[in-house]
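**Q**
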Amino acid sequence: MPTFTQDEATQYDSRIPRLVPGYELLHSSTAAQLQATLGDEAHILVIGAGTGKEVALLAALQPKWHFTAQDTSQDMLDIAKQRFVELGISERVTLHLGSPSELKQQADAALCLLVMHFVADNGDKKAMLQAISTQLKAHGQLYLADLMRPETLFERDAQLILSKQLGLTETGVERMQHNFEHEFFPLDRIRLADLLDETGFNSGKLYFKTLGFSGYVAQKR
Ligand SMILES: C[S@@+](CC[C@H](N)C(=O)[O-])C[C@H]1O[C@@H](n2cnc3c(N)ncnc32)[C@H](O)[C@@H]1O
Numbered sequence: 065m066p067t068f069t070q071d072e073a074t075q076y077d078s079r080i081p082r083l084v085p086g087y088e089l090l091h092s093s094t095a096a097q098l099q100a101t102l103g104d105e106a107h108i109l110v111i112g113a114g115t116g117k118e119v120a121l122l123a124a125l126q127p128k129w130h131f132t133a134q135d136t137s138q139d140m141l142d143i144a145k146q147r148f149v150e151l152g153i154s155e156r157v158t159l160h161l162g163s164p165s166e167l168k169q170q171a172d173a174a175l176c177l178l179v180m181h182f183v184a185d186n187g188d189k190k191a192m193l194q195a196i197s198t199q200l201k202a203h204g205q206l207y208l209a210d211l212m213r214p215e216t217l218f219e220r221d222a223q224l225i226l227s228k229q230l231g232l233t234e235t236g237v238e239r240m241q242h243n244f245e246h247e248f249f250p251l252d253r254i255r256l257a258d259l260l261d262e263t264g265f266n267s268g269k270l271y272f273k274t275l276g277f278s279g280y281v282a283q284k285r
């Protein structure tokens with residue numbers, strides 16, 4: 065898995081839209097669903113909050129929403145913290161460096177965008193989903209976006225071509241190709257549905273798809 069430390073953290077915001085085609089649309093379409101389903105006051109759990117993209121976007125949409133921003137990278141959370149200070153929203157955000165299972169929440173909704181594909185399917189993905197489920201209110205929605213198993217033989221090649229067109233350097237493309245093979249743990253839709261079911265969620269509904277990246281919304285039972 066990428067380390068999300070040092071340069072990988074400081075360069076994250078400029079690199080990620082080249083690595084994930086439709087990155088902005090993923091976030092805006094997630095945000096629109098939160099606006100459609102949550103009231104004026106809500107607590108949103110953001111797993112793998114990274115440099116604070118989700119929190120910054122959502123905080124601007126609804127002034128009474130509060131957030132828990134969790135991540136395992138100190139460097140990513142440091143950037144997020146600075147961003148929240150600059151935006152004047154720090155008092156609405158609780159930062160958590162560590163495992164999601166250490167949190168004690170009853171959140172109204174949870175986001176886990178572009179995170180779980182780095183977690184091995186050896187019990188660790190299930191533990192992550194279980195931790196999220198435990199910290200969501202009944203009927204709360206989980207928004208989950210990951211690189212999935214390719215559904216065609218040419219999907220990954222197309223992603224590399226598109227990323228290059230989006231401005232990724234040759235070195236970046238090579239690294240991405242390596243990462244596809246060695247750093248991700250992509251699921252197919254059936255395995256994802258099983259894991260969601262085992263951790264207390266209804267089957268996820270697909271709301272975002274660009275080549276290998278898929279976004280699902282799943283409701284806690
Ligand atoms: C690709 S970034 C996504 C950041 C943000 N969600 C976004 O959409 O821009 C992945 C983030 O997940 C974090 N991460 C990796 N493994 C994690 C884990 N097991 N639990 C929580 N966060 C994790 C990384 O540190 C990194 O900040």
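In this note's numbering, the protein residues as written are 65 to 285.
Every residue, glycine too, gets a C-beta built ideally from N, C-alpha and C.
#1: If you pair each beta-carbon of the region 237-254 with each one of the region 168-186, do three or more pairs fall below 8 Å?
#2: Could you check what DSSP says for A120 in three-state terms: helix, strand or coil?
#3: Who are Q205's beta bridge partners in DSSP?
#4: What is the residue span of the beta strand (DSSP E) that I111 lies within?
#5: How about A209 and S278: do their beta carbons lie closer than 8 Å?
#6: Closer than 7 Å: is that where the CB of Q134 sits relative to any heavy atom of ligand 1?
#7: Please name the residue in G114, N266, A123 whose C-alpha comes closest to that of D104.
#8: Assuming Q146 and L109 make a contact with CB atoms under 8 Å, what is their CB distance in whole Å?
#9: Going by alpha carbons, who is nearest to T94 out of N186, C176, L230?
#10: I need the straight-line Cα distance from D135 to K128, nearest angstrom please.
#11: Quickly, what does DSSP pair L211 with across the bridge? List them, please.
#12: Below 8 Å between beta carbons: does that hold for L121 and H91?
#13: Where does G112 land, buried or exposed, given buried means 16+ other C-beta within 10 angstroms?
#14: Tell me which residue opens and which closes the alpha helix (DSSP H) that Q134 is part of.
#15: Taking T158 as part of the beta strand (DSSP E), name the residues at either end of that continuous run.
#16: Give, in chain order, every unbroken run of the alpha helix (DSSP H) that is at least 4 residues long and sits entirely within the region 179-257.
**A** So, to answer that:
#1: Contact holds: three or more Cβ-Cβ distances are below 8 Å.
#2: helix
#3: A173, Q283
#4: I111 -> beta strand (DSSP E) spans 106-111.
#5: yes
#6: Yes, since a heavy atom of ligand 1 falls inside the 7 Å radius drawn around the Cβ of Q134.
#7: A123
#8: The pair is not a contact, with the Cβ atoms about 21 Å apart (cut-off 8 Å).
#9: C176
#10: 23 Å
#11: F277
#12: yes
#13: Residue burial annotation: G112 is buried, with at least 16 other C-beta atoms found within 10 angstroms of its C-beta.
#14: Run containing Q134: none in the alpha helix (DSSP H); it sits in the beta strand (DSSP E), 129-135.
#15: Taken as a continuous stretch (DSSP letters only), the beta strand (DSSP E) holding T158 covers 157-161.
#16: Counting only runs that start and end inside the region 179-257, the alpha helix (DSSP H) elements of at least 4 residues fall at 188-198, 219-229, 234-246.
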